[in-house]
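Written out below as C-alpha cells is the structure these notes cover.
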Amino acid sequence: MMRSYGQYCGLARSLEVVGDRWNLLIVRQLLSAPARYRDLIDGLPGIATNLLADRLRDLETSGVVERRLAGVGNVVEYALTPWGAELRRPIESLIRWSTPLMLRGPEGDSFRPEWLALAVPALLDARVEVRPSATIGLEIGGPPFQLRATPAGFEVGPHDGRALDATVRADPAYILGLAAGALTLSEARTLGLVEIDGDESIVRTVLAA
2 MMRSYGQYCG LARSLEVVGD RWNLLIVRQL LSAPARYRDL IDGLPGIATN LLADRLRDLE
62 TSGVVERRLA GVGNVVEYAL TPWGAELRRP IESLIRWSTP LMLRGPEGDS FRPEWLALAV
122 PALLDARVEV RPSATIGLEI GGPPFQLRAT PAGFEVGPHD GRALDATVRA DPAYILGLAA
182 GALTLSEART LGLVEIDGDE SIVRTVLAA
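Residue numbers (our numbering): 2 to 210.
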C-alpha cells in the first residue's frame with residue numbers, strides 16, 4: 002500500500018510512488034525492455050518473489066508500470082507506461098551522481114553486465130560533446146557487448162555481429178571509471194587495467210579519454 006508523506010510537494014509525491022526499496026531498480030530493468038516476471042527476478046538479485054509482486058502491483062496501480070500479453074501463448078510481461086519511461090532522466094542523473102560511490106569498486110556486490118547499458122550512456126552523454134560514429138566492443142566477462150557512438154548519443158547492448166572499430170577488455174568497474182572520466186585511458190593502460198584491440202584512437206575519442 003502506498004504511504005503518504007502528507008506534504009504538498011513534488012518530491013514528496015514522487016517518493017510516495019517510487020521511493021520504496023526496489024522500485025527504481027525495477028524501473029531500471031524495464032528501461033532496457035519489457036520483461037517477464039521471472040526475468041525481473043533474475044535481473045534483481047536479492048529481491049524476494051513476494052516483495053517483487055507487491056512492488057509491481059504498487060507501480061501498476063500508480064500508473065508507472067503496465068502488464069501486456071506478448072509472444073506465443075500470450076505470456077504476461079511488464080513494461081513502463083509513457084509516464085513511467087520519463088523516469089529515465091532522473092535515474093541517469095542519479096547514476097552520474099553516484100560516481101564517487103562507484104569508485105570504491107564492487108566490494109563483493111553482485112553485478113549484471115546489462116546494467117552497463119544504462120550507466121555508460123548516461124555517463125558519456127553528460128561529458129562527451131564530440132560524437133564520431135563508431136562501434137566499440139566491450140569484453141567484461143560473459144557475452145560480448147558493444148558501445149555504439151553516433152551524433153545522436155550512445156547505446157550499449159549485446160554485440161549484434163556488426164564490425165567493430167576496436168575492442169576494450171576490462172573489469173566493469175574500470176569501464177565505468179573510463180565512462181565517468183574518473184580514469185583516463187592512459188592511466189588504465191599503464192596500470193594494466195585495460196586491453197585494447199583495434200584502433201585505440203577511436204576509443205580515446207569516444208570516451209574523451
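Backbone N, C-alpha and C fix where the C-beta goes; we use that ideal spot for every residue, glycine too.
query: Run through DSSP, which three-state label would V77 get?
result: strand
task: Hey, could you find the ends of the alpha helix (DSSP H) D198 is sitting in?
output: No alpha helix (DSSP H) holds D198; the beta strand (DSSP E) holding it covers V195 to G199.
task: Kindly give me the distance between the Cβ atoms of V169 and V195, rounded to whole angstroms, as I take these residues to be in contact under 8 Å.
output: Right, their Cβ atoms sit about 6 Å apart.
- prompt: Any idea what DSSP makes of R217, helix, strand or coil?
  reply: Nothing can be reported for residue 217, as the shown portion of the chain is limited to 2 through 210.
query: With DSSP run on the structure shown, which of helix, strand or coil describes P1?
result: One cannot answer for residue 1 here, as it falls past the ends of the chain, which runs 2 to 210.
field: CB contact below 8 Å: E130 versus chain D
entry: Looking for chain D here will not work: only one protein chain is present.
query: Which term fits L95, buried or exposed, when burial requires 16 or more other beta carbons within 10 angstroms of its beta carbon?
result: exposed
message: Once DSSP output is grouped into helix, strand and coil, what is the label at R90?
response: helix
field: Run of the beta strand (DSSP E) containing I159, from where it starts to where it stops
entry: With the sequence shown as reference, residue 159 is identified as Pro, and Ile is not the correct amino acid for it. Where P159 is concerned, the enclosing beta strand (DSSP E) stretches over G154 to P159.
Euclidean distance between Cα positions of E67 and R113: 24 Å
- prompt: Using DSSP with H/G/I as helix, E/B as strand and the rest coil, what is A123?
  reply: helix
- prompt: Cα separation between A80 and G182?
  reply: 32 Å
Candidates E93, R56, I92 and P35, of which the one nearest L70 by Cα: P35
- prompt: Among E78, E140 and L124, which one has its Cα closest to the Cα of P173?
  reply: E140
- request: Quick one: residues in its chain with C-beta nearer than 7 Å to the C-beta of N24, no 5 flanking neighbours on either side, listed in chain order?
  value: R56 and L60
- prompt: From the DSSP output, which residues share a beta bridge with T168?
  reply: G138 and D198
message: So, at 6 Å on beta carbons, what are the nonlocal neighbours of V28 in its own chain, with the 5 sequence-adjacent residues on each side left out?
response: L88
message: Distance check for I48 and R39, CA to CA, integer angstroms please.
response: 12 Å
Residues near L117 in its chain [Cβ-Cβ closer than 8 Å; skip 5 each side]: L139, I141, F146, V157, P173, I176 and L177
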